[in-house]
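To keep things clear, I will list the structure first and then write my remarks on it.
Number of protein chains: 2
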Amino acid sequence: MSTVGKAISLLELFTLKEPEIGLSDIARKSGLDKATARRLLVALSEHRLIEQEPLSRRYRLGAGLSRLARMRDAHLPFVRLAAPIARELAQETGETVHLSEFSAGALLTVHVELSARANRVSVDVGQILPLHGTASGIAFLAFSRPQSVEAHFGKPLTAFTAHTMTSRETVMQAVRLAASRGYSRSAQGYEEGVHSVAAPILGSDGFPVGTLAVASPLSRIDDETAERQGLAAREAGRRISAELTGEQWHASVPLQPR
Amino acid sequence: MSTVGKAISLLELFTLKEPEIGLSDIARKSGLDKATARRLLVALSEHRLIEQEPLSRRYRLGAGLSRLARMRDAHLPFVRLAAPIARELAQETGETVHLSEFSAGALLTVHVELSARANRVSVDVGQILPLHGTASGIAFLAFSRPQSVEAHFGKPLTAFTAHTMTSRETVMQAVRLAASRGYSRSAQGYEEGVHSVAAPILGSDGFPVGTLAVASPLSRIDDETAERQGLAAREAGRRISAELTGEQWHASVPLQPR
DNA sequence: CATTGCGGTTCAGCATATGAACCGATGTTT
DNA sequence: AAACATCGGTTCATATGCTGAACCGCAATG
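Residue numbers (our numbering), protein chains in the order written: chain P, 235 to 492; chain B, 235 to 492.
In structure tokens form, the structure reads like this:
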């Protein structure tokens, strides 16, 4: 791995559970020498991607990350365009709505509109959603290139709850259903007690760049509300896609099942 | 500069004005060779700090940054980040310092550093501060959008003591003064015998997310100490804003030779 | 159809990253 | 209180991985 790769992998050692780490620990976890690790940390901190707690001398992620992330978020057409529509959808459904972006083989949650209700599903920005275990993932697969879908079945399908679909055929069935309806539906595939519907957001090539999902407590959902949510999500997804790609162009790209 | 430093400086080429850049341009702007620049970009994109627009082949900041920034924000929320600086300010001034966060039309006290002296002002976490009656509120208004300020004058201005400013013009005068000085000053507007100075804490959009105030017994204050406190508060507010948004590599603790 | 600029690749040479051994300080065990 | 274990941090000879001039094919421009 390149030096740069090693430096960045140091950043990835910091997690929610362990947001501050000492030098020796960093060296151990990264497999790098202590001297090397420190050199990299110094380089990172010179650009404020890392900072050091003066007292404990432990390291943590730096403020420069906030700055860079904001730069990205401000420019990214996706979030900028999609957020207002996601908010509308959240108000319309009264449930939590989250946006994900496809990145490196999985869906990354990039924006969340929380439901106004007390009993609601909570989702965190930054969360990674597996393609086969979430409504978002199914919706994504349903509009992806066949070979992309195939590629995803190369790896084993891990189960996150007792309800996660792990057989290829079950997943494909859900994918086909989603493709024909224009939205996907999934309950407790990733987290217990959570029901979701999701719709794809299509880029200018007609393939998904991300998804839009409505997540509700399972207890509030029956078939009728699920369908209402699904149709609303599909519509919202279409609107975002349209704004993303430029109105007139999108009209010529049908949302066709695979 | 280290290889890592060069790689990170590539990230810093991306700005709001120019959020996507082509390879040759990156090489030119960074002063690196094209081959080198590309190697670094590839290394960065392997960890999703950079991504490449497939069509135009131009590069932009990647999704991994959002994830890392989110991690940092989760671990270092406003209060935790600001508290050490508030403590310094409390030690420097010898007076009680309190932090507020804007929430639902008012300022909510989220953290307090009590003065070490026997005769001191006491403030409770959770206390709500009215915008027109406190130094914090005035500092907040002084840096808010004009229409937000206007909106606040819609409601009547209630008096909390005999000294509370209740006329719109008096308040606006204080607001203008605070805007020009960078800090606000107020005596007995909310509680008898209490003098305060306050400075705003600015978010990434340049508008206040909260305030920082120094509260003293009126008897200890003259114009000179008030100004000293005000300037100290202003500086502390700036530091917190900088750490919050990652703006300017200003006063952060350098991580080098000991 | 020559020219320019683009993104991307190659590889010899050498700048730069590496890590074992070290330091002083702090904390823990005996 | 001596012995021991870790801690964060530093040094420097070694060799690894980085550098950049020259190159490719392509697309736009004249």
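Note that beta-carbon positions come from the ideal geometry of N, C-alpha and C, so glycine has one too.
All of these numbers come straight from a predicted model, not from anything done at the bench.
- One alpha carbon belongs to L436/B, the other to R301/B, and they sit about 23 Å apart.
- In the DSSP annotation of this structure, I284/B is not part of any alpha helix (DSSP H); the continuous beta strand (DSSP E) holding it starts and ends at I284 to Q286.
- Of the residues L323/B, P380/B, V355/B and R419/B, the one whose Cα lies closest to the Cα of G471/B is L323/B.
- In the DSSP assignment, G444/P falls within the beta strand (DSSP E) that extends over P442 to P451.
- One thing to note: Y424/B has its Cβ within 8 Å of the Cβ of T395/B.
- Around the beta-carbon of G339/P, fewer than 16 other beta-carbon atoms lie within 10 Å, marking it exposed.
- Among the residues of the segment 272 to 302 of chain B, those with a Cβ less than 9 Å away from any Cβ of chain P are R273, L274, V276, A277, L278, E280, H281, R282, L283, E285, P288, L289, R294, L295, G296, A297, G298, L299, S300, R301 and L302, in the order of the chain.
- Taking a beta-carbon distance threshold of 8 Å, D307/P counts as an interface residue toward chain B.
- DSSP places A340/B outside any alpha helix (DSSP H); the residue lies instead in the beta strand (DSSP E), whose first and last residues are A340 to E347.
- Under the Cβ criterion of 8 Å, E335/P is counted among the residues facing chain B.
- Judged by DSSP in its simplified three-state form, P434/B adopts strand.
- When DSSP states are grouped into helix, strand and coil, V357/P belongs to the coil group.
- Judged by DSSP in its simplified three-state form, S243/P adopts helix.
- DSSP, read as helix, strand or coil, puts R301/B in helix.
- When A271/P, F374/P, R351/P and E335/P are compared, the shortest CA-CA separation from A241/P is found for A271/P.
- At a cut-off of 8 Å, the C-beta of I242/B has a neighbouring C-beta in chain P.
- Put simply, the CB of V448/B is far from chain P, with every gap to its CB atoms at 8 Å or more.
- Excluding residues up to 5 positions away in sequence, A317, A320, R321, L323, A324, T330, V331 and H332 lie with their Cβ nearer than 8 Å to the Cβ of E347/P in the same chain.
- Counting every other CB atom within 10 Å of its CB across the protein chains shown gives L289/B a total below 16, marking it as exposed.
- When rounded, the separation of the alpha-carbon atoms in S264/P and V238/B is 16 Å.
- DSSP places F336/P inside the beta strand (DSSP E), whose first and last residues are T330 to S337.
- Burial state of A269/P is exposed, judged by a 10 Å Cβ sphere holding fewer than 16 other Cβ atoms.
- At least 8 Å separates the CB of L247/B from every CB of chain P.
- Assigned with DSSP and collapsed to three states, S370/B falls in helix.
- E254/B is bridged by DSSP to R294/B.
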